[in-house]
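Read through the structure below, which is laid out as structure tokens, and then see the notes.
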Amino acid sequence: MPSPDPPSTQKQALVAALQWGMVQAFILDTVGRLLRNYYRATTDVFSTPDWVFSILVASPLALVVGGYGGYRWVTSGRAATSASAHRNRVLFVGSLLVCWTLAIVPTVAFQWVFDDRLFTVPFFLLPTFAAIFAFGAAYHLAYRLDADWYRHNRGKLLGTAKGAVVGLVLGVVGFVVYGAYLSATQTSYSLSGGPGIVVGVFLGGLAGYAFSENERGGDRAAEFLTIFLPSVLVVALAIGLASVALAVLGMSVSGFPSSFVSVLVPIVLSLGVASYLAYHVETTFYRRLVGR
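Going left to right, the sequence shown walks through residues 714 to 1005 as my numbering numbers them.
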């Protein structure tokens, strides 16, 4: 059977730009968080040094710089442009996006178990290990997993990923809402989001696996993730910039806790939009992006 024709150079360059940009942003973010936790664990000063904070805020810039490098890597003719090479890049980008998102789950589980000891020596290394494991899982799925096995199980894998991500965001929403309720009704309380988030991800992943179909279910799950995860970041960034602009103008959104605006609005809005577009309108952003 002849191999399928590779997608256009423009689409391959776009996926390579996402790959390079995400890898560089991941490295800076992971190193910055490791240094921040190191200073918190080894010094009595809770605030992060300015140079460490600069590494953390440079992650979006790394996404842009790395993206340009990946784009030029393909358009200059130095990259492999076969259909299989493009498939690996697409799978890596999607896997890293999902695994990086879900890397918060072991971190909140560690914080639930260790409490304040998580930010002491040597436990402060655990979140970094979780991030490295997430990167390794994405690399293994894209470059080490048997292609035939992946094609056979693609629907189940994508359905599980979608269910786990939805379980994660619902766990975060439940934590924020319940925390706001306790804050409004009690003067003193203790609340950990770890149990709810871990259970939400576990149940969501099981539900996604159980109810996923094969080819069509995998496509719809991929479409949902393609729309949902970037839209959360975009909406959260827009709300953050709007809040800064309002603060500069001396205005504020009164009547709502900041957690509702900064956390719930991006999640709920993006969840509704992604569900509507992926399952009602049945858009094809994912297929057009990867050239399928």
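For every residue, glycine included, the Cβ atom is placed at its ideal position computed from N, Cα and C.
All figures in this text were calculated on a predicted structure; none of them were measured in a lab.
Assumed close pair VAL806, VAL879 - CB separation to whole angstroms, cut-off 8 Å: That pair is no contact at about 20 Å.
C-beta atoms of LEU883 and GLY913 nearer than 9 Å: In this structure, LEU883 lies near GLY913, with their beta-carbon atoms less than 9 Å apart.
Where does GLU928 land, buried or exposed, given buried means 16+ other C-beta within 10 angstroms? By the 10 Å Cβ count, GLU928 comes out exposed.
C-alpha gap between ALA816 and LEU962, whole angstroms: CA-CA distance, ALA816 to LEU962, rounds to 37 Å.
Taking 8 Å as the threshold, find out whether the stretch 902-917 comes into contact with the stretch 936-953 through three or more Cβ pairs. Judged by Cβ distances under 8 Å, the stretch 902-917 makes no contact with the stretch 936-953, as fewer than three pairs qualify.
Using the beta-carbon count (16 or more within 10 Å), is ALA987 buried or exposed? Buried is the label assigned to ALA987, since at least 16 other Cβ atoms lie within 10 Å of its Cβ.
Measure the CB-CB distance between VAL981 and VAL834 and report whether it falls below 9 Å. VAL834 is positioned such that its CB atom lies no closer than 9 Å to that of VAL981.
Span separating the alpha-carbon of MET714 from that of SER797: Confidence in MET714 is poor, its pLDDT being 39 and thus under 50, which makes the residue's placement unreliable; the coordinate value appears in the next sentence. So the alpha carbons of these two residues sit roughly 14 Å apart.
Whole-angstrom C-beta distance between VAL911 and VAL821, which should lie under 8 Å: Going by Cβ atoms, the distance from VAL821 to VAL911 rounds to 7 Å, so yes, they are a contact pair.
Taking just the CA atoms, how far does LEU870 sit from LEU741? Taking the CA atoms as reference points, LEU741 sits about 28 Å from LEU870.
For ILE845 and VAL1011, the rounded distance between their alpha carbons: No information on residue 1011 is available, as it lies outside the stretch 714 to 1005 that the chain covers here.
Integer Cβ distance of LEU776 from ALA726, believed to fall under 8 Å: The beta carbons of LEU776 and ALA726 sit about 16 Å from each other, so the pair does not count as a contact at 8 Å.
Please name the residue, chosen from VAL947, PHE837 and ASP828, that lies closest to THR663 on a Cα-to-Cα basis. Nothing about residue 663 can be read from this structure; the chain reaches only from 714 to 1005.
At the level of alpha carbons, what is the spacing between GLY892 and GLY909? If you take the alpha carbons of GLY892 and GLY909, they lie about 12 Å apart.
Hey, how far is the Cα of LEU774 from the Cα of GLN899? Cα-Cα distance, rounded: 42 Å.
Can you tell which of SER795, ARG933 and SER956 has the C-alpha that lies nearest to the C-alpha of VAL994? Closest by alpha carbon: ARG933.
Could you compute how far the alpha carbon of TYR752 sits from the alpha carbon of ALA843? Each residue's Cα considered, the two are about 19 Å apart.
Kindly list the residues whose CB is nearer than 8 Å to the CB of VAL948, restricted to its own chain and excluding five residues on each side of it in sequence; keep chain order. Taken in chain order, the residues that qualify are VAL978, PRO979, LEU982 and SER983.
Between the CA atoms of VAL758 and THR841 - distance to the nearest angstrom: Rounded to the nearest whole angstrom, the C-alpha separation of THR841 and VAL758 is 21 Å.
Could you pull out every unbroken alpha helix (DSSP H) segment of at least 4 residues lying fully inside the stretch 722-780, listed in chain order? Complete alpha helix (DSSP H) runs here, min 4: 722-755 and 763-770.
Nearest-angstrom Cα separation, counted from THR997 out to PRO1007: Residue 1007 lies beyond the range of the chain shown here (714 to 1005); nothing can be said about it.
Take GLY779 as the anchor and find which of ASP828, GLN732 and ASP861 has the nearest alpha-carbon. GLY779 has its Cα closest to that of GLN732, out of ASP828, GLN732 and ASP861.
Rounded distance between the beta-carbons of GLY872 and GLY917, thought under 8 Å: Not a contact, Cβ separation roughly 10 Å.
Beta-carbon within less than 6 Å of LEU990's beta-carbon, same chain only, minus the 5 sequence neighbours each way: which residues are those? Result list for LEU990: ILE940 and THR996, in chain order.
Option in VAL818, ARG800 and VAL826 with minimal Cα separation from ASP861: The candidate whose alpha carbon is nearest that of ASP861 is ARG800.
Indicate the three-state DSSP secondary structure (helix, strand or coil) for ALA857 in the structure shown. According to the sequence as given, residue 857 is Arg; it is not Ala. ARG857 falls in the helix class under three-state DSSP.
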